[in-house]
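Start counting the sequence shown at 3; every next residue gets the next number (my numbering).
Single-structure report; data block below.
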Amino acid sequence: MAYFLQRAGRDYAVFERAPRPGSFFTRYPRHRQLISINKRHTGKANAEFNLRHDWNSLLSHDPRLLFRHYSRAYFPDAGDMVRYLGDFAQRLGLHVLYNTTITHVTLHKARQAWNGHYFILTDQMGHTHQCSVLLVATGLSVPNQVDFPGSEYVEGYESVSVDPEDFEGQNVLILGRGNSAFETAENILGVTNFIHMLSRSRVRLSWATHYVGDLRAINNGLLDTYQLKSLDGLLESDLTDLAIVKDREGKFHVTLKFFLEEGNPSADADAVTLPQDDNDNFAMRVAYDRVIRCLGWNFDFSIFNKSLRLSSGGEFSKKYPLIKASYESKGSRGLFVLGTASHSVDYRKSAGGFIHGFRYTVRAVHRLLEHRHHGVAWPSTELPTSQLTSAIVRRVNEASGLYQMFSVLADVILLKENAMAFEYLEEFPVQMLAQLETITGRKARHGLFVVNMEYGRNFSGPDKDVFFYDRSVGHTEDAWQSNFLHPVVYYYRHLPTEQEVRFRPAGWALPRPTAIHHVVEDFLTDWTAPVGHILPLRRFLENCLDTDLRSFYAESCFLFALTHQKLPPFCQQGYLRAQGLVGTESLRRHGVESGLLRDYTTADRLHEDGARRPLGICSLHMHPSGHGKHSYRRIITVIFFKARTQMIAFSSILTGSLHPRRIQGTQAFWIHSPFLETSSWPPLLAPPPVCRSLSLQSCAVRAVTLCSPSV
């Protein structure tokens with residue numbers, strides 16, 4: 003965020019309690035190996051595409067600040083991340099106040115403030131700082147602890163030894179089942195007697211859930227040893243129902259809390275009832291040498307005054323602050339939560355809690371702030387409708403934000419009046435679609451498309467078999483059943499309302515559209531197949547817009563003009579307006595000097611005053627200034643073949659005069675037209691009677707363009 007603010011020239015300051023950036027990575031992960039992919043080679047030179055597989059780089063304009071320059075490892079060392087973040091802040095000259103710990107944040111009402119209040123921040127020295135917009139990017143820093151009898155015997159992930167020799171020949175119990183738990187187990191797997199892992203829920207494999215925060219393959223060696231009968235194992239139980247007691251030898255025993263409630267809670271293991279006393283095959287009847295807590299982290303709410311009304315999220319995301327889909331606090335306008343701490347918006351859905359996800363959500367928040375406080379509209383690109391298909395195809399094949407923040411950030415295409423043009427907005431938060439006009443400053447009055455990336459709705463889950471035999475969909479007619487990540491295009495005649503967004507169908511990222519199109523999944527994630535991908539997409543867009551989005555040669559456009567009342571957008575925007583390089587004197591000279599054009603200026607022309615002046619070039623719209631009686635004509639000769647025997651030639655003229663001529667012994671008709679001094683074609687007249695008499699559907703067409711001067 004500091005980078006975006008600096009590039010925009012805004013007044014900002016970053017408070018960092020450590021003496022350098024990236025202090026989290028100086029200690030975590032404890033065993034120093036990151037699980038974020040550093041894929042240095044993709045076979046592509048497209049920088050945006052390559053970011054899809056670079057999970058560590060932050061966004062900037064400097065190609066030197068790509069993580070591939072800092073590590074060659076596929077799973078890098080955490081120390082490389084510290085070095086990278088330090089260089090990022092230094093090279094970009096970001097305004098960071100180091101060794102500054104914010105100890106208290108409160109809210110002060112003020113009418114003159116942008117949001118009706120200021121945020122007052124107090125640091126460890128008692129100094130206060132005032133701001134209108136507060137961006138909180140403190141991550142998750144408080145270890146998640148479960149309070150149960152005997153929890154004082156448990157070692158935390160944040161403090162446990164990382165030296166495998168300290169676990170030689172020991173029985174180890176790990177509480178938790180996330181990546182930190184398996185990371186710890188992986189480190190000591192080869193030196194312990196056995197490792198038992200206890201959690202209230204079943205293991206969630208990232209390849210099954212398609213959520214990168216679930217268990218990654220790099221750390222799941224214990225699953226092998228469990229299923230291959232090598233003493234290690236996984237168990238499920240609610241930790242709040244358990245208790246741990248210590249025997250005289252310093253060993254730890256797991257029991258149930260109600261056993262202690264019936265007896266003496268302070269007694270040791272030799273004096274209390276254990277589950278194995280009633281059930282001699284109790285799974286955890288062995289004694290443990292170490293019990294390690296690996297239960298993740300929570301957001302630190304302690305520094306925020308109650309006046310900010312910053313609360314925790316729901317049941318499954320309570321470790322995060324509760325925020326809107328715009329990443330703004332629900333309790334205080336102007337307070338935004340960024341980075342890992344903002345993950346409540348897409349918890350277990352997308353990658354917003356990780357660098358390769360929140361780098362895009364941070365950019366989205368910056369764009370929102372730019373419009374709200376400085377009137378800068380959301381960046382967009384306006385293009386003619388004839389380029390709609392290619393614009394979508396380009397984005398779904400290279401955009402990294404869509405790819406990583408699937409079903410959270412989507413591209414929005416706003417149609418202009420009569421659908422002759424569109425505005426393309428990139429990476430907009432889909433849950434804020436109803437407020438699009440307010441957030442972006444763009445108008446959605448003539449319909450819109452939303453381009454989203456999605457997995458199949460029944461493909462992801464901790465209990466799903468994602469390797470089943472017939473898992474891939476290859477036929478375009480079955481594209482709606484695609485399982486793997488694929489583009490989905492939604493069409494809305496009107497901007498959805500807040501109620502429609504809120505009460506959208508279960509499992510849907512967006513409200514029910516007027517029409518929807520799934521682009522069939524592709525094994526190579528390359529959606530450029532002309533028949534399998536592009537053709538169905540174009541036909542869907544054409545059906546929604548009731549127009550033809552194909553591209554045509556000039557001769558085809560001319561034929562359409564003679565036979566149709568409504569021309570395709572490509573012909574209207576290209577052929578009729580003569581789009582391309584607009585004729586100028588400098589362009590003419592360049593064409594002549596390059597040998598691409600004949601130098602028509604060497605030809606002389608007799609004017610009324612008796613002087614000879616050079617001819618202009620009608621194809622470049624040249625007209626001698628001050629000589630209105632002299633004009634140049636462009637003759638467009640179109641030859642129609644009917645039944646391969648009859649040939650008739652036409653060219654359009656404003657006067658509509660018809661001049662019969664002979665061409666190779668065949669009767670032909672010519673109509674001459676002066677070419678106007680504009681970059682647009684003159685209006686086409688209705689076809690002459692001889693043209694209407696032809697059955698043009700059975701005619702092939704060829705076109706030749708000629709120039710002739712006239713006086």
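Note that beta-carbon positions come from the ideal geometry of N, C-alpha and C, so glycine has one too.
Residue i versus residue j: straight-line alpha-carbon distance, rounded
i	j	result
L230	G223	11 Å
L331	G354	Sequence inspection shows Ser at residue 331; the Leu mentioned does not correspond to that position. Answer to the nearest angstrom: the Cα atoms are 16 Å apart.
F505	K418	28 Å
I394	N173	56 Å
K259	L241	10 Å
Q147	V193	27 Å
V288	F486	44 Å
H376	Q437	18 Å
A511	E500	14 Å
R646	A531	Below a pLDDT of 50, predicted positions are generally treated as unreliable, and R646, at 30, falls in that range; the measurement from the model is reported next regardless. If you take the alpha carbons of R646 and A531, they lie about 36 Å apart.
E587	G593	10 Å
K248	P277	15 Å
F51	S62	15 Å
S344	A563	55 Å
V135	A115	10 Å
L341	L53	It should be noted that the sequence gives Gly, not Leu, for residue 341. If you take the alpha carbons of G341 and L53, they lie about 18 Å apart.
R218	N181	7 Å
N454	L404	7 Å
A423	I441	22 Å
N40	S352	19 Å
F26	L36	12 Å
P662	K568	Note that P662 scores a pLDDT of 38, beneath 50, so its modelled location is shaky and nothing firm can be said.
Y69	D56	The displayed chain sequence assigns Phe, not Tyr, to residue 69. Near 8 Å, if we compare the C-alpha coordinates of D56 and F69.
Residue i, buried or exposed, once every other Cβ within 10 Å from all chains shown has been counted against 16
i	result
K321	buried
W529	buried
N58	buried
H119	buried
F470	exposed
L237	exposed
M127	exposed
W380	buried
E425	buried
N101	exposed
N545	exposed
G152	buried
P570	buried
P65	exposed
P23	buried
G185	Before going further, note that residue 185 is Glu rather than Gly in the sequence given. Buried, since its Cβ has 16 or more Cβ neighbours within 10 Å.
Q433	buried
H97	exposed
S334	buried
T347	The question names Thr, but residue 347 in the sequence shown is Val. With 16 or more Cβ atoms within 10 Å of its Cβ, V347 is classed as buried.
Y76	exposed
R473	exposed
For residue j and residue i, believed in contact at Cβ under 8 Å, the rounded distance
i	j	result
V293	F254	5 Å
H448	A421	7 Å
L539	T391	6 Å
S484	E428	23 Å between Cβ atoms; not a contact.
A446	L411	Not confirmed; about 17 Å, so no contact.
D79	R32	Rounded, the Cβ-Cβ distance is 13 Å, inconsistent with contact.
H198	L225	Between L225 and H198 the Cβ distance is about 13 Å, and since that is not below 8 Å, they are no contact.
Which residues DSSP lists as bridging residue i, in chain order
i	result
H106	T124
P507	Partner(s): none; P507 has no beta bridge.
V491	V453, H519
L337	L136
M199	I176, L236
E330	F338
L385	F424
V98	V16
L217	L207
K111	H119
Beta carbon proximity, residue i to chain D, threshold 7 Å
i	result
L427	Chain labels in this structure do not include chain D; a single protein chain is all it has.
At 3 residues or longer, what runs of the beta strand (DSSP E) sit wholly inside the stretch 119-187? Correct list: 119-125, 130-133, 136-138, 173-177.
List in chain order: all unbroken alpha helix (DSSP H) runs of 4+ residues lying wholly within the stretch 267-327. Fully enclosed alpha helix (DSSP H) runs of 4 or longer: 277-280.
Those runs of the alpha helix (DSSP H) which lie wholly inside the stretch 396-435 and span at least 4 residues: Listed in chain order, the complete alpha helix (DSSP H) runs (minimum 4 residues) inside the stretch 396-435 are 402-406.
I'd like the ranges of any beta strand (DSSP E) spanning at least 3 consecutive residues and lying wholly in the stretch 441-486. List check, beta strand (DSSP E) in window: 450-456.
Complete runs of the alpha helix (DSSP H) confined to the stretch 6-86 [at least 4 residues]: The qualifying runs are 49-52.
Quick check on the DSSP output: what are the complete beta strand (DSSP E) runs of length 3 or more inside the stretch 221-262, in order along the chain? Segments of the beta strand (DSSP E) lying fully in the stretch 221-262: 235-238, 244-248, 254-258.
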